[in-house]
Structures are given as C-alpha cells and as structure tokens.
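Residue numbers for the sequence shown follow my numbering, so the first one is -5 and each next one is one higher.
Each residue gets a CB set at the ideal place from its N, CA and C atoms; glycine is no exception.
Bear in mind that the values here come from a model prediction, so they are computed numbers and not experimental data.
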Amino acid sequence: MAVVLKSAREIEQMRRAGSVVRQVLNCVRDQVRPGATTLDLERAAEQKLAELGAKAAFKGYHGYPCVLCTSVNHEVVHGIPSASRTLREGDIVSIDCGAIVDGFYGDSAITVPVGTRIDPTTRKLLEATESSLQAAIRAVRPGATLGDIGAAVQEVVEAEGFSVVRDFVGHGIGTRMHEDPQVPNYGERGRGMKLREGMVLAIEPMVNVGTAAVEVLDDGWTAVTRDGSMSAHFEHTVAVTADGAAILTM
Ligand code: MF3
Ligand code: CO
C-alpha cells in the first residue's frame, strides 16, 4: 500500500474531522470522575458525535463494538467501554476517539487522571507521554524521517525511565483510518521513510511505567501491560506542511 499525499484542500477537510474528535474528547473528559463508568463516557461520546453530525470511526472497525476506546490504568489501548468498569479516585483513563466527516478521518487520544489524588509516578507518566507526543510533532517537517519521530518520543520517555510500547504503532490516515506508513514510537534519527508535504500521520505514543511488554486479553481487544504497570496514550492527527506540522485534531 502506498502513502497517499493530501492536497491543502483535503487537509482542511481533515481538520473538520479532527475538530469533531477534539470536541468529543473535551466533552468526554468533563465526564471523567470517580463513580463514572467507562460506558458513561461512551454514551457522552455517542451523543456528542450525533450532535455534531459525524460518524464514529471505530465502531464496526474489524467488529469493534464502541465509538471510544477507554483503557484504565494498566490497560494500554483498545479497552472496551463497559457498565461494569467504574472509575475510581487515583485511576487514569486513556480515551481514544475517531470520527469521519465527509469521508475523512480524524483520530486522537488523551489520558486523564480520575479525581485529584494521582500518585507522583503516574502524574509523571502522563506528563512524559504527552510531552513525547509534542516532541514528535516538533520533529515533523518535509525531509525529516519516521526515525526522527520515533527517536523524539523515545528520548523523552526513556529519560524518565519509562518504556515505549512497540507492539502498536501510529499510522498514516486519510479516507481510511489506517494508511501507510506505520509510525513507530521508537527509532533512530535519519532512518526510515522521509516525510513529504501532504502526508498526514496519526502519531500515538503508548508508554508504560514498567517494561514495554503488552498482551491482549481474551476479549480480543484490550491490550494490557504484562507487568501490570500503568500505561498512558496520547495521539494527534498531524499533517506535514511546508512550515512543519499542522495539528488537525485541535
Ligand atoms: N487510535 C487507534 C488506532 O489508530 C484506535 C483504533 S480502535 C479500533 O488504531 F477499534 F478501531 F480498532
Ligand atoms: Co490511531
């Protein structure tokens, strides 16, 4: 599969999908509190998507049942919202959302603390994961490489003693949720495919407090850390422009 470059006009269309995703995530984030279930978050997202007239990208994708992925604590990604998963003080929850507007996809994720009493290592995990995404985005410009993105993530994460997950990667995105290229959150500067103007990438570092090893539960979706340590996930959909990165999920 080849990389699909997008015109300036197509990038503007993708910005509309990205804006929907952002609005949904903002709305869902406001529902995060001790006592809420991850199904409550799903319901809030469904309602917001409907209000904005957008289609969910995840629901039905390879049979995935929901519009959000909600991954709590040691769950890394692809946690399925459930009425039996109640959020508690001190938990963290990763919320991943995708939307389709006029055939174009947006994809973004945040990890948020539940309540106010978050332990210092977990707090540091959230900060490191989010700043690794920011560092990756700063590395984006025509002529930079996928290795530059991965190295930027890795550097921030490993400086804190945390681990970058390798079993899942970011991806190109456009009129399909997953396009080429794959975007690893690890790598070496100067290696890998060169970025070109018009590429649109979903960059999504997943970071564990402990080792990088993950496994998928019997539900066929939920990825968890093997060592049970906390994990965080942040994601933006980003276009490569002449001046560097344009974040489309703003
Ligand atoms: N952000 C994730 C990804 O890009 C979400 C996919 S969840 C799925 O792969 F259910 F749709 F697979
Ligand atoms: Co993604």
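Which of helix, strand or coil does DSSP assign to residue i?
{"i": "residue 129", "result": "helix"}
{"i": "residue 25", "result": "coil"}
{"i": "residue 195", "result": "strand"}
{"i": "residue 48", "result": "coil"}
{"i": "residue 31", "result": "strand"}
{"i": "residue 58", "result": "coil"}
{"i": "residue 123", "result": "helix"}
{"i": "residue 167", "result": "coil"}
{"i": "residue 66", "result": "strand"}
{"i": "residue 108", "result": "coil"}
{"i": "residue 174", "result": "strand"}
{"i": "residue 145", "result": "helix"}
{"i": "residue 226", "result": "strand"}
{"i": "residue 11", "result": "helix"}
{"i": "residue 153", "result": "helix"}
{"i": "residue 206", "result": "coil"}
{"i": "residue 233", "result": "strand"}
Sort the options by Cα distance to residue i and report the nearest one.
{"i": "residue 90", "options": "96, 82 and 100", "result": "100"}
{"i": "residue 203", "options": "152, 125, 15 and 57", "result": "152"}
{"i": "residue 160", "options": "180, 150, 154 and 167", "result": "180"}
{"i": "residue 106", "options": "97, 197 and 88", "result": "88"}
{"i": "residue 219", "options": "65, 37 and 39", "result": "65"}
{"i": "residue 170", "options": "232, 36 and 98", "result": "98"}
{"i": "residue 70", "options": "208, 42 and 31", "result": "208"}
{"i": "residue 189", "options": "174, 155, 12 and 119", "result": "174"}
{"i": "residue 236", "options": "72, 210 and 191", "result": "191"}
{"i": "residue 39", "options": "14, 234, 54 and 201", "result": "14"}
{"i": "residue 49", "options": "193, 96 and 19", "result": "96"}
{"i": "residue 233", "options": "166, 121 and 211", "result": "166"}
{"i": "residue 172", "options": "154, 187 and 194", "result": "194"}
{"i": "residue -4", "options": "134, 117, 187 and 55", "result": "187"}
{"i": "residue 46", "options": "12, 133 and 81", "result": "12"}
When the Cα atoms are used, what is the spatial distance from residue i to residue j?
{"i": "residue 111", "j": "residue 205", "result": "24 angstroms"}
{"i": "residue 93", "j": "residue 68", "result": "26 angstroms"}
{"i": "residue 28", "j": "residue 34", "result": "12 angstroms"}
{"i": "residue 109", "j": "residue 83", "result": "5 angstroms"}
{"i": "residue 52", "j": "residue 213", "result": "16 angstroms"}
{"i": "residue 137", "j": "residue 103", "result": "27 angstroms"}
{"i": "residue 178", "j": "residue 130", "result": "11 angstroms"}
{"i": "residue 124", "j": "residue 164", "result": "15 angstroms"}
{"i": "residue 75", "j": "residue 61", "result": "9 angstroms"}
{"i": "residue 16", "j": "residue 244", "result": "6 angstroms"}
{"i": "residue 145", "j": "residue 183", "result": "6 angstroms"}
{"i": "residue 139", "j": "residue 185", "result": "6 angstroms"}
{"i": "residue 239", "j": "residue 126", "result": "15 angstroms"}
{"i": "residue 143", "j": "residue 41", "result": "35 angstroms"}
Is any heavy atom in ligand 1 found nearer than 7 angstroms to the beta carbon of residue i?
{"i": "residue 180", "result": "no"}
{"i": "residue 12", "result": "no"}
{"i": "residue 161", "result": "no"}
{"i": "residue 52", "result": "yes"}
{"i": "residue 171", "result": "yes"}
{"i": "residue 174", "result": "no"}
{"i": "residue 144", "result": "no"}
{"i": "residue 73", "result": "no"}
{"i": "residue 63", "result": "yes"}
{"i": "residue 92", "result": "yes"}
Sorry if obvious, but does the Cβ on residue i come closer than 7 angstroms to a heavy atom of ligand 2?
{"i": "residue 69", "result": "no"}
{"i": "residue 198", "result": "yes"}
{"i": "residue 124", "result": "no"}
{"i": "residue 237", "result": "no"}
{"i": "residue 229", "result": "yes"}
{"i": "residue 165", "result": "yes"}
{"i": "residue 213", "result": "no"}
{"i": "residue 101", "result": "yes"}
Strictly under 8 angstroms for the Cβ-Cβ distance: is residue i near chain C by that measure?
{"i": "residue 174", "result": "No chain C is present in this structure, which holds just one protein chain."}
Quick one: measure Cβ to Cβ for residue i and residue j, integer angstroms, because I've assumed they're closer than 8 angstroms.
{"i": "residue 86", "j": "residue 226", "result": "7 angstroms"}
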